[in-house]
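Only one structure is covered here, and it is reproduced in the block below.
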Amino acid sequence: MDTHLPEPSLPTTILLLGAGELGRELAIASHNLGIRVVAVDRYERAPAMQVAHESEVLSLLDGAALRRVVERFRPSYIIPEMEAIRTETLEELESEGIPVAPSAEATTLTLNREAIRRVVAEEMGIRTPAFAVAESAEELRVLCDETVGYPCMVKSLWTSSGRGQSMVTGPARLEQAWVFAAEETRPGVTPRVLVEEFIDFRGEVTLLAVRERDGKITFLQPIGHRQEFGAYRESWMPAAMDAAELEAATAMSRRILGRLPGPGVFGFEFYLTGTEVIFSELSARPHDTGLVTLCSQDLSQFELHLRALLGLPIPPLRYRTPAASAVILARSDGDVSRYEGVERAFQVETAQVRLFGKPTGYPMRRMGVALANGSSVEEARARALEAAGRVDVRLG
Ligand SMILES: Nc1ncnc2c1ncn2[C@@H]1O[C@H](COP(=O)(O)OP(=O)(O)O)[C@@H](O)[C@H]1O
Ligand SMILES: [Mg+2]
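Under numbering that gives the first Met the number 0, think of the first position of the sequence shown as 0, with each following residue one higher.
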């Protein structure tokens with residue numbers, strides 16, 4: 000039992016660090032429990048801010064600004080929702096008595112690709128793509144030529160959704176991949192980029208786990224997903240995995256959870272090759288592919304995260320029929336003026352739509368998702384894709 004956590008009593012105040020679409024769903028789930036929500040992000044009218052009681056615009060990499068917000072709103076819990084956070088400040092705040100979901104340690108380790116890989120691959124001996132870290136374009140070239148080989152993936156240590164990430168098929172593209180990843184380096188920090196073996200997978204899955212305060216862990220049905228250019232496009236539940244694959248993924252996740260303290264939802268990503276289950280990365284918070292839990296079951300990953308954090312009971316989950324989620328993208332740059340085709344999307348059987356309310360778009364920016372159920376995963380996916388394709392984000 001984590002004794003430093005406040006007793007479950009509502010209402011309370013949560014501070015969301017990052018106010019994107021996942022934070023927005025956390026905020027909505029919090030409203031349903033009478034919780035006051037403070038949302039922070041680096042731009043105005045971010046999705047979660049629109050449904051929060053209070054909001055602040057600041058860089059979450061600015062530790063002093065983060066501390067000022069905490070002093071102003073005195074949250075009972077801090078819930079990280081994005082990558083770019085000054086984790087040293089989180090550690091300090093936690094040691095001063097403000098709990099971080101799931102814990103400052105789990106957040107610090109999982110927000111940095113290198114840190115979590117070193118723990119999982121090197122300390123725990125779990126199979127991940129072979130990887131190395133380079134501090135210069137020249138070092139990257141040597142690593143690729145002599146250790147990792149081609150094709151490989153070059154990534155920034157901190158970002159998500161494909162930013163700073165590229166697949167490199169041969170030496171000619173290395174310089175560009177270095178620049179692309181190194182550009183994402185935090186100010187004042189020596190550039191470091193991760194390079195890893197390319198895995199020719201047959202599928203990829205997210206395994207969501209929720210850990211309660213008493214340590215009890217529940218695994219959700221596996222989520223299958225498809226990414227394009229490193230960014231989430233579609234997810235579905237349950238993913239097709241044979242029993243041995245699911246057992247291997249669950250066992251690895253359990254071991255990793257043993258190194259990451261605190262209650263909440265965790266999202267473990269795996270590549271399935273047919274012969275191997277390879278651990279890729281994890282989130283110590285709800286996962287974007289887990290948006291599908293908004294229609295797959297009675298308690299979504301957002302409700303589960305809050306319940307676990309607050310110490311509220313989590314009953315056995317009840318699943319609906321197979322479920323799917325597909326993203327609605329912006330196609331050009333500009334301020335959002337309206338959404339067309341929502342009524343046509345709703346003509347697709349079982350379809351629901353979540354529009355995130357982002358004030359501006361750019362090509363391939365995720366603006367919403369369509370959700371659907373079906374008698375099979377194939378049917379649910381086809382419906383979600385069809386509904387998503389019918390929504391047109393008009394930018395002016
Ligand atoms: N080593 C790899 N081999 C094959 N595909 C990869 C590899 N690394 C990333 N990808 C693809 O890019 C996606 C995003 O990469 P990931 O490392 O999960 O970054 P993010 O933090 O942005 O989710 C993955 O889900 C996968 O589809
Ligand atoms: Mg990922």
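We treat Cβ as the ideally placed atom computed from N, Cα and C, and that holds for glycine.
>> Looking at the strands, I want to know which residues DSSP matches up with T359.
In response: T359 pairs with D334.
>> Quick check on the DSSP output: the alpha helix (DSSP H) that includes T86 runs from which residue to which?
In response: Following the DSSP letters along the chain, one finds T86 inside the alpha helix (DSSP H) bounded by residues T86 to S94.
>> Going by beta-carbon coordinates alone, are A329 and G360 separated by less than 9 Å?
In response: Between A329 and G360, the gap from beta carbon to beta carbon is short of 9 Å.
> Going by other Cβ atoms of all chains shown within 10 Å of its Cβ, with 16 needed for buried, is V188 buried or exposed?
Replying inline: Exposed, because fewer than 16 other Cβ atoms sit within 10 Å of the Cβ of V188.
> Would you say the beta carbon of E174 comes nearer than 8 Å to a heavy atom of ligand 3?
Replying inline: Ligands displayed in this structure: ligand 1 and ligand 2; ligand 3 is not among them.
> Looking at V341 and V352, is the spacing between their C-beta atoms short of 9 Å?
Replying inline: In terms of Cβ geometry, V352 and V341 form a close pair [threshold 9 Å].
> Just to check, is the beta-carbon of E113 closer than 8 Å to a non-hydrogen atom of ligand 2?
Replying inline: Residue side-chain check: E113 keeps its Cβ at 8 Å or more from all non-hydrogen atoms of ligand 2.
>> Let me check you understand the geometry: is the CB of S279 closer than 8 Å to at least one non-hydrogen atom of ligand 2?
In response: yes
> Can the beta-carbon of E80 be found closer than 9 Å to that of L290?
Replying inline: no
> With which residues is E280 paired in a DSSP beta bridge?
Replying inline: E268
> Closer than 8 Å: is that where the CB of E268 sits relative to any heavy atom of ligand 2?
Replying inline: True, at least one ligand heavy atom lies under 8 Å from that Cβ.
>> Using 8 Å as the cut-off, can you tell me whether the segment 152-168 makes contact with the segment 177-194, which would need three or more C-beta pairs spanning the two stretches below that distance?
In response: yes
>> Considering only DSSP beta bridges, list what A323 is partnered with.
In response: DSSP output for A323 lists W235 and A371 as bridge partner(s).
> How many angstroms separate the CA atom of R162 from the CA atom of V347?
Replying inline: One C-alpha to the other measures close to 33 Å.
>> Along the chain, where does the alpha helix (DSSP H) containing V69 start, and where does it finish?
In response: G62 to F72
>> If I measure Cβ to Cβ from E302 and keep anything under 6 Å in the same chain, skipping five residues before and after, which residues do I get?
In response: A28
> Any idea what DSSP makes of P221, helix, strand or coil?
Replying inline: coil
> Looking at C-alpha atoms only, which residue of E43, L142, Y76 and V56 is the closest neighbour of R35?
Replying inline: Y76
> Run through DSSP, which three-state label would A129 get?
Replying inline: A129: coil per DSSP, three-state reduction.
>> Taking the straight line between their C-alpha atoms, what separation do you get for V37 and T12?
In response: Going from the Cα of V37 to the Cα of T12 covers about 7 Å.
> Who are the Cβ neighbours of V326 in its own chain at under 6 Å, not counting the five residues just before and after it?
Replying inline: Apart from the 5 residues on each side of it in sequence, V326 sits with its Cβ closer than 6 Å to the Cβ of R232, R365 and V368 in its chain, given in chain order.
> Can you give the beta carbon distance from L57 to A64, rounded, assuming they're within the 8 Å contact cut?
Replying inline: 4 Å
> Who pairs with S299 in a beta bridge, going by DSSP?
Replying inline: None, per the DSSP bridge assignment.
>> For a test of the three-state rule: what should DSSP assign to L305, helix, strand or coil?
In response: helix
>> By the DSSP assignment, the alpha helix (DSSP H) with R254 in it spans what residues?
In response: A242 to L256
> For G263, which residues of its own chain have a beta-carbon under 6 Å away from its beta-carbon, when the five flanking residues on both sides are left out?
Replying inline: A100, P101, H304, A307 and L308
> When the Cβ atoms of the segment 163-170 are set against those of the segment 277-294, are three or more pairs found closer than 8 Å?
Replying inline: no
> Taking Cβ positions, are V204 and A247 nearer each other than 9 Å?
Replying inline: no
>> So, for E43: in the same chain, excluding its five sequence neighbours on each side, which residues have a beta-carbon less than 7 Å away from its beta-carbon?
In response: V56
>> Please report the straight-line C-alpha distance between P150 and A83, rounded to a whole angstrom.
In response: 28 Å
> Comparing alpha-carbon positions, which option in V132, L311 and S54 lies nearest L32?
Replying inline: Closest by alpha carbon: L311.
>> Here's the rule: buried if 16 or more other CB atoms are within 10 angstroms of the residue's CB, otherwise exposed. What is P358?
In response: exposed
> What are the uninterrupted segments assigned as beta strand (DSSP E) that are 3 or more residues long and contained completely in the segment 190-218, given in chain order?
Replying inline: 192-196, 202-210 and 216-218
> Can the beta-carbon of F278 be found closer than 9 Å to that of V147?
Replying inline: no
> How about P98 and E196: are their beta carbons less than 9 Å apart?
Replying inline: At the C-beta level, P98 and E196 stay beyond 9 Å of one another.
> If F269 sits next to L206, beta carbons under 8 Å apart, how far is it from one beta carbon to the other, in whole angstroms?
Replying inline: The beta-carbon distance between F269 and L206, rounded to whole angstroms, is 7 Å. This is short enough to meet the 8 Å contact definition.
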